[in-house]
DNA sequence: CTTGACATCCAAAACGTTTTGGGTAATAAT
DNA sequence: ATTATTACCCAAAACGTTTTGGATGTCAAG
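Protein chains in written order, with this note's numbering: chain A, 2 to 354; chain B, 2 to 354.
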């Protein structure tokens, strides 16, 4: 691999000039710049990232840090995000490092080493928990980061974040169901050790309260982790007396909704919006949702907007820009705090409800 | 951030000793090693990755390089791989960089810069095409890499690769269908500009030939890219006379199978293995496959084994180990060439066929 | 008392950039 | 003819490690 000395020698100039020519400084003549560029091209010269980083303190790399095994249900959305993030990183000339681990312990060590050794300029945290050690850790270290999701103390303990308004999403869908004359609406939630499950759940309860419907504990099934738990949850709903049994089931994500539809069909219950059918809704709008039978009514997370906003925010933090102006970058972007943004999800009505 | 000088000063030794103590050399006494380790721990010292890399020529980073937009259908499996790879990387103390782009042009430049600037020690290529420029490029540059998939010239132009035997998978499923008395078996394939589509397709044709069934062009629908193409493909099948119409549809991946099931149900055709129902099969065994209605009969790609083998192979290439012994690391691992391995997929029979 | 052998330690070089703080020559202004 | 300005270039330092090739002191053997 050629280095800057090789280029300098071949061009008959100093390495300073090579560096400044290639980095577009104005104190090198157009003719020598052209000559140097041509030689660099010819020799396939690319400046060593390590040397550059060592000298300049910039890695042009960010990390995407979800939990990798902890939250089965959330993994589906993080998987969708990676590709979109990778593509968007190109615009900022950033490389994307994907990191993560199984255990809390490992994640902590991983993160410390990653930033301690100066491997990244900033990070995107995903799968935020209500109490998330990672936020405090990164805040303490003082490295730029953006969280996708809100911890329970995000208002007092301020840090940059982007989130999708899960409560609003569920509210929209429960209101939709209410308008379709549904009065007994069950709710199935994923594990409560992840923030967005809580927000979505609160959206459900708020809406019931808003309509003056009382909460029925037997219709609220939370903390679903394993697939077979969905089956038993559905079974339990059908043990209820006809008059108490729900006419609609709201699942807190598409993965659960998929399993709900499956469990219902297995029992011979039709899913749909016809009279006598069970309405089912999801959240996320994963690729398969539109092709279920029936197609799933769900809430679409604006994944492109989420990733774009996360990156724009992180990039501006890294550059230490002050007047960050994201307000009208995305439609439906709500400002929660100085560097905290909420994106509005969108209801997608299909045949399942 | 503390550096090695801070540690050395505080411990009253030279930086050489700090370095050698922390890297486990034997020429430093146990007492000073302990003292140094304690100080490093206390000050939260992590050696600078850049400096280390600059001096030692090791980045401890690998790149995962799929195509990001080009092949819609293949993206689903690459998304599953990222998480598994990231987790497995921990065992090798490697960081995972995810890269890729839309266009062939961009991908090329990306790759050149990535390895030219010495950002990675090696790479994993995914979504291999029959003619894949990336393989030649990396081979020419001379950096360790492993391909997930085979180019058309993999036997002559040898390079390290791991693949799942797609032909065998489809063979297994067509044989299964044949044993279920199916004689008119349609085949729907994704785009042919990706290698595995071709292998899977050839598996279909081989099996037909093996049973002495003649190929019917009207039952073989290839190069499906957009979702609505599936609908028209199915429509075309149903324009056929009763006696020519297929009794089973083999899709080349789960994403297509999902859409096939959807299109069939939309026309009121029941999917399943009962008499009079249409049998449908997929390939991949994505998470949703088990929860479709009916649950999808498919071929499971051994994703854990794939990722483990890719990493083991790449790690050994990076370390320049010679006697690589993967043969009995994974059950069902077939050796194609010196560093070329094929993994056997597994048929998963569910209710859809 | 000398000589090896061994256990510890260290100074200096090297890795490949960018940045700093100039220098030189030609041209323009006085 | 001198001075200021401009255009172009460069030497050296700095970034934080690891590695190389000793140096020093201690202890046992001869």
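All C-beta atoms in this analysis are idealised placements derived from N, C-alpha and C, irrespective of residue type, glycine included.
If you're wondering where the values come from, they're calculated on a predicted model, not measured in any experiment.
(message) Please tell me whether residue 80 of chain B has its Cβ less than 8 Å away from any Cβ of chain A.
(response) Chain A contact via Cβ: present.
(message) Between residue 289 of chain A and chain B, is any beta-carbon pair separated by less than 8 Å?
(response) The beta carbon of residue 289 of chain A falls within 8 Å of a beta carbon belonging to chain B, placing the residue at that interface.
(request) Rounded to whole angstroms, what's the CA-CA distance from residue 107 of chain A to residue 129 of chain A? Just pull it up for me. (result) Rounded to the nearest whole angstrom, the CA to CA distance from residue 107 of chain A to residue 129 of chain A is 16 Å.
(message) So residue 172 of chain B and residue 190 of chain B are supposed to be a Cβ contact under 8 Å. How far apart are they, rounded?
(response) Not quite, the Cβ-Cβ distance comes to about 15 Å (not below 8 Å), so this is no contact.
(request) Please state whether DSSP places residue 163 of chain A in a helix, a strand or coil. (result) Note: residue 163 of chain A maps to strand in three-state DSSP.
(message) I'd like the list of long-range same chain contacts for residue 121 of chain B, defined as Cβ closer than 7 Å, with 5 residues on each side in sequence excluded.
(response) In chain order, 60, 62, 63, 64, 98 and 115 place their CB closer than 7 Å to the CB of residue 121 of chain B, counting only its own chain and leaving out the 5 sequence neighbours on each side.
(request) Could I get the ranges of all uninterrupted alpha helix (DSSP H) runs contained in the segment 183 to 222 of chain A, with 4 residues as the minimum, in chain order? (result) Along the length of the segment 183 to 222 of chain A, whole alpha helix (DSSP H) runs at least 4 residues long occupy 196 to 211, reported in chain order.
(request) Within 10 angstroms of the Cβ of residue 81 of chain B, are there 16 or more other Cβ atoms? Answer buried if so, exposed if not. (result) The residue is buried, with at least 16 neighbouring Cβ atoms inside 10 Å.
(request) Report the neighbours of residue 124 of chain B on chain A: residues whose CB is nearer than 7 Å to its CB, in chain order. (result) Simply none; closest approach about 13 Å.
(request) Could you pull the start and end residues of the alpha helix (DSSP H) that residue 52 of chain A belongs to? (result) 50 to 57 is the extent of the alpha helix (DSSP H) around residue 52 of chain A.
(message) Alpha carbons only, please: which of A:256, A:44 and A:103 is nearest the one belonging to residue 287 of chain A?
(response) Among A:256, A:44 and A:103, the Cα nearest to that of residue 287 of chain A is on A:256.
(message) Contact criterion: CB-CB distance below 8 Å. Does residue 110 of chain A meet it with respect to chain B?
(response) Using a Cβ-Cβ cut-off of 8 Å, residue 110 of chain A does not count as an interface residue toward chain B, since no Cβ of chain B sits closer than that to its own.
(message) At the 8 Å Cβ level, is residue 260 of chain B part of the contact set with chain A, yes or no?
(response) With respect to chain A, the C-beta atom of residue 260 of chain B has a partner C-beta closer than 8 Å.
(request) Determine the chain B residues that contact residue 263 of chain A at a beta-carbon separation under 9 Å, and present them in chain order. (result) Within chain B, the residues near residue 263 of chain A are 291, 292, 293, 294 and 296.
(request) Could you pull out every residue in the same chain whose Cβ sits closer than 6 Å to the Cβ of residue 341 of chain B, ignoring the five residues on either side in sequence? (result) Close CB contacts of residue 341 of chain B within its chain, under the 6 Å cut and outside five residues either way in sequence, are with 162 (chain order).
(request) Give the interface partners of residue 100 of chain B over in chain A, defined as CB-CB distance under 8 Å, in chain order. (result) Per Cβ cutoff of 8 Å: 87, 96 and 97.
(request) Go ahead and label residue 260 of chain B buried or exposed: buried means 16 or more other beta carbons lie within 10 angstroms of its beta carbon, across all protein chains shown. (result) Residue 260 of chain B should be labelled buried.
(message) My output table needs one value for residue 279 of chain B: the three-state DSSP class, helix, strand or coil.
(response) Strand, per DSSP.
(message) Under 8 Å, with one C-beta from each stretch per pair, do the segment 176 to 185 of chain B and the segment 245 to 255 of chain B reach the 3-pair mark?
(response) In short, these stretches touch, since the Cβ pair count reaches three.
(request) Spatial neighbours of residue 138 of chain B within its chain, please: CB distance less than 8 Å, with the 5 preceding and 5 following residues excluded, ordered by chain position. (result) Same-chain partners within the cutoff: 109, 112 and 113.
(request) Below 8 Å between beta carbons is the criterion; list the residues of the segment 200 to 214 of chain B that meet it against any residue of chain A, in chain order. (result) Hits within the stretch: zero.
(request) Note down, in chain order, each residue of its chain lying with its Cβ closer than 7 Å to the Cβ of residue 234 of chain B, except the 5 sequence neighbours on either side. (result) Only 189, 222 and 225 meet the Cβ criterion.
(request) Could you pull out every unbroken beta strand (DSSP E) segment of at least 3 residues lying fully inside the segment 229 to 269 of chain B, listed in chain order? (result) Within the segment 229 to 269 of chain B, the complete beta strand (DSSP E) runs of at least 3 residues are 249 to 252.
(request) Identify the contact partners of residue 48 of chain A in chain B, using a Cβ-Cβ distance below 8 Å as the criterion. (result) Correct list: 118.
(request) May I ask you to report which of helix, strand or coil DSSP gives residue 94 of chain A? (result) Looking at residue 94 of chain A - three-state DSSP - the assignment turns out to be coil, as it is neither helix nor strand.
(request) Please work out which residues of its chain come closer than 8 Å, Cβ to Cβ, to residue 209 of chain A, disregarding the five sequence neighbours upstream and downstream, and give them in chain order. (result) Exclusion of the five residues before and after residue 209 of chain A leaves 175, 186, 215 and 216 as the residues of its chain whose Cβ lies within less than 8 Å of its Cβ.
(request) With 8 Å as the threshold, decide whether the Cβ of residue 83 of chain A is near any Cβ in chain B. (result) Yes, residue 83 of chain A lies at the interface with chain B (some Cβ there is under 8 Å from its Cβ).
(message) Buried or exposed, going by whether 16 or more other CB atoms sit within 10 Å of the CB of residue 303 of chain B?
(response) Residue 303 of chain B is buried by the Cβ-count criterion.
(request) Give a yes or no on contact between the segment 46 to 60 of chain A and the segment 25 to 37 of chain A, applying the rule of three or more CB pairs nearer than 8 Å. (result) Three or more Cβ pairs closer than 8 Å define a contact, and the segment 46 to 60 of chain A falls short of that threshold against the segment 25 to 37 of chain A.
(message) My assumption, with CB atoms under 8 Å, is that residue 123 of chain A sits in contact with residue 284 of chain A. Please give the rounded CB distance.
(response) Incorrect: roughly 28 Å between the Cβ atoms, too far for contact.
(request) List the DSSP bridge partners of residue 301 of chain A. (result) A:285 and A:347, per the DSSP bridge assignment.
(request) Work out the CA separation of residue 87 of chain B and residue 96 of chain B for me, nearest whole Å. (result) The alpha-carbon atoms of residue 96 of chain B and residue 87 of chain B are separated by roughly 8 Å.
(request) Sort A:156, A:154 and A:160 by Cα distance to residue 141 of chain A and report the nearest one. (result) For the residues A:156, A:154 and A:160, the minimum Cα distance to residue 141 of chain A belongs to A:160.
(message) So with CB distances below 8 Å, who are the chain A contacts of residue 38 of chain B?
(response) Residues of chain A with a Cβ closer than 8 Å to the Cβ of residue 38 of chain B do not exist; the shortest Cβ-Cβ separation is about 15 Å.
(request) Taking residue 6 of chain B as part of the alpha helix (DSSP H), name the residues at either end of that continuous run. (result) Its alpha helix (DSSP H) spans residues 5 to 12.
(message) Would residue 103 of chain B and residue 344 of chain B be called neighbours here (beta carbons separated by less than 8 Å)?
(response) Not a contact, by the Cβ cut-off of 8 Å.
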